[in-house]
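Q: Following my numbering, the numbering of the sequence shown begins with 2 at its first residue and continues without gaps.
Sharing a structure, written as structure tokens. Questions coming.
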Amino acid sequence: MDLYNRTYTRQLRSAKSSMKSNNWLISDRRESSEMDDFRSICLLSLAMLVACYVAGIIPLAVNFSEERLKLVTVLGAGLLCGTALAVIVPEGVHALYEDILEGKHHPASEMQRVMESEKVAEIPAVHEYGHDHSRLHAYIGVSLVLGFVFMLLVDQIGSSHLHSTDDPEAARSGNSKITTTLGLVVHAAADGVALGAAASTSQTSVQLIVFVAIMLHKAPAAFGLVSFLMHAGLERNRIRKHLLVFALAAPVMSMVTYLGLSKSSKEALSEVNATGVAMLFSAGTFLYVATVHVLPEVGGIAHSHKPESTGGKGLSRLEVAALVLGCLIPLVLSIGHHH
């Protein structure tokens with residue numbers, strides 16, 4: 002009996018020590034994974050900051066004549082519209098549907114077991130898939146509309162002070178500059194949340210896809226913002242400050258999002274596809290800025306032309322070509338970007 006007890010005690014101790022070593026191993030792996038995620042989010046944020054600022058500084062570094070500046074402004078407006086429609090919205094939709102597209106909810110092995118089991122067991126899976134599909138459809142519309150309405154409210158709050166100024170036209174012009182920058186900063190911050198949420202999933206492929214998608218439109222957006230502010234007559238030093246704020250928004254928010262998420266929050270975000278929702282919300286803010294502020298401002302360029310050149314109506318053929326080219330460039334870039 003004593004021999005049995007000693008053997009049992011020895012086995013129990015061995016099992017406990019084995020469990021402890023396994024727990025330490027799991028803990029070390031988790032810490033190592035978290036450190037890798039932190040390093041990757043730091044590197045991606047730094048690359049985003051530098052690339053965005055460099056792309057935005059190009060119009061400032063080159064001295065354009067008045068006519069060339071108008072063309073650059075029109076090209077920048079096209080880039081803003083093209084990136085909103087051809088890059089941001091599709092990327093947000095893809096991020097939402099990624100789990101279904103990759104078969105996360107119904108892996109091949111699980112589907113094999115379902116097919117091998119009774120046919121009745123297939124019905125709940127079909128219903129669950131349909132429910133997820135309709136729920137994601139709702140996310141797309143709600144996220145886009147909320148982003149658009151958010152910027153509309155910000156714009157209206159900012160323009161409520163116009164009536165108290167002596168020169169409403171000048172105040173409206175200044176408000177347009179601030180709203181455009183603010184809209185793009187909010188959009189960039191939402192991009193940062195998307196990248197931070199993607200980094201918290203510990204999936205390198207998701208992080209890289211979101212990073213490439215963000216960079217595909219952040220560089221053209223920075224170029225478009227600076228060219229718009231130059232056309233609006235803002236001083237170069239103030240333009241650099243606007244650009245720096247815009248360039249910092251996404252990296253800062255990505256770090257804040259990643260560091261601020263607890264484990265339970267990360268699991269909850271994974272369930273509601275926060276990356277896709279954040280990108281679609283930012284697309285709504287982007288669409289508002291591009292359509293309500295930048296395009297009308299570009300349309301107003303024609304009024305500064307000589308009457309014999311355009312008759313004061315619409316854009317010249319060269320400006321229309323620049324606008325179309327700006328819209329097509331992000332489309333071409335997105336075609337070359339495979340998931």
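Backbone N, C-alpha and C fix where the C-beta goes; we use that ideal spot for every residue, glycine too.
Since this is a predicted model, take the numbers as computed values, not measurements.
What residue from Val-333, Glu-320, Ile-336, Leu-324 has the CA that sits closest to Glu-68's CA?
A: Ranking the options by Cα distance to Glu-68, first place goes to Glu-320.
Q: Report the CB separation of Ala-250 from Gly-193 in whole angstroms; it is logged as a contact under 8 Å.
A: Contact holds; Cβ gap of about 6 Å.
Q: Give the DSSP-derived three-state secondary structure of Val-63 in the structure shown.
A: If DSSP states are grouped into helix, strand and coil, Val-63 belongs with coil.
Q: Do Pro-60 and Met-231 have their beta-carbon atoms positioned less than 8 Å apart in this structure?
A: Yes, Cβ-Cβ distance for Met-231 and Pro-60 is below 8 Å.
Q: Take His-84 as the anchor and find which of Ala-291, Ala-322, Arg-318 has the nearest alpha-carbon.
A: This sequence places Thr at residue 84; His is not what is there. Ranking the options by Cα distance to Thr-84, first place goes to Ala-291.
Q: Between the C-alpha atoms of Val-186 and Phe-287, what's the straight-line distance to the nearest angstrom?
A: Roughly 10 Å separates the two Cα atoms.
Q: Report the residue from Phe-65, Leu-154, Ile-58, Pro-331 whose alpha carbon sits nearest the alpha carbon of Ile-240.
A: Selected option, being the one with the closest Cα: Ile-58.
Q: To the nearest angstrom, how far is it from the Cα of Gln-113 to the Cα of Glu-99?
A: Caution applies to Gln-113, whose pLDDT of 46 falls short of 50 and renders its modelled position unreliable; the value that the coordinates give is listed next. So the two alpha carbons sit approximately 21 Å from each other.
Q: Could you give the first and the last residue of the continuous alpha helix (DSSP H) run that contains Ser-335?
A: Unbroken alpha helix (DSSP H) run through Ser-335: 318-336.
Q: Could you check what DSSP says for Ala-233 in three-state terms: helix, strand or coil?
A: The answer is coil: DSSP assigns Ala-233 none of H, G, I, E or B.
Q: Taking 8 Å as the threshold (C-beta atoms), are Pro-331 and Ala-56 in contact?
A: No, these two residues do not count as a Cβ contact at 8 Å.
Q: Here's a check: name, in chain order, each residue in its chain whose Cβ is nearer than 6 Å to the Cβ of Ala-223, leaving out the five neighbours to either side.
A: Hits under 6 Å: Cys-53, Ala-56, Gly-57.
Q: Just tell me which of Leu-296, Gly-277, Ala-233 has its CA closest to the CA of Ile-179.
A: Out of Leu-296, Gly-277, Ala-233, Ala-233 has the C-alpha closest to the C-alpha of Ile-179.
Q: Among the candidates Gly-148, Leu-196, Leu-226, whose CA atom is the shortest distance from the CA of Ala-48?
A: When each option's Cα is compared against that of Ala-48, the closest is Leu-196.
Q: How is Gly-371 classed by DSSP in three states: helix, strand or coil?
A: Because the chain is modelled from 2 through 340, residue 371 falls outside the range shown and cannot be assessed.
Q: Can you round the beta-carbon distance between Ala-78 and Val-299 to whole angstroms, since I take them to be within the 8 Å contact cut?
A: That pair is a contact at about 4 Å.
Q: Between which residues of its own chain and Phe-65 is the CB-CB distance below 7 Å, once the five residues before and five after are set aside?
A: If we look at Phe-65 and ignore the five residues flanking it on each side, its Cβ neighbours are Val-73.
Q: Return the CA-CA distance between Ile-141 and Ala-199, expressed in angstroms with no decimal places.
A: Taking the straight line joining both Cα atoms gives about 18 Å.
Q: What residues in its chain sit with their C-beta under 7 Å from that of Thr-258, if we drop five residues either side in the sequence?
A: The answer, listed in chain order, is Gly-193, Val-194, Gly-197, Ala-198.
Q: For Gly-225, which three-state DSSP category applies?
A: Three-state DSSP puts Gly-225 in a helix.
Q: Taking the Cβ atom as the reference point for each residue, do Val-155 and Phe-229 lie within a distance shorter than 8 Å?
A: The answer is no: Cβ separation not under 8 Å.
Q: Per DSSP, what kind of secondary structure is Gly-315 in: helix, strand or coil?
A: Here Gly-315 sits in coil by DSSP.
Q: Once the 5 residues before and after Pro-252 are set aside, which same chain residues still bring their CB inside 6 Å of it?
A: Hits under 6 Å: Ser-46, Met-49, Leu-50.
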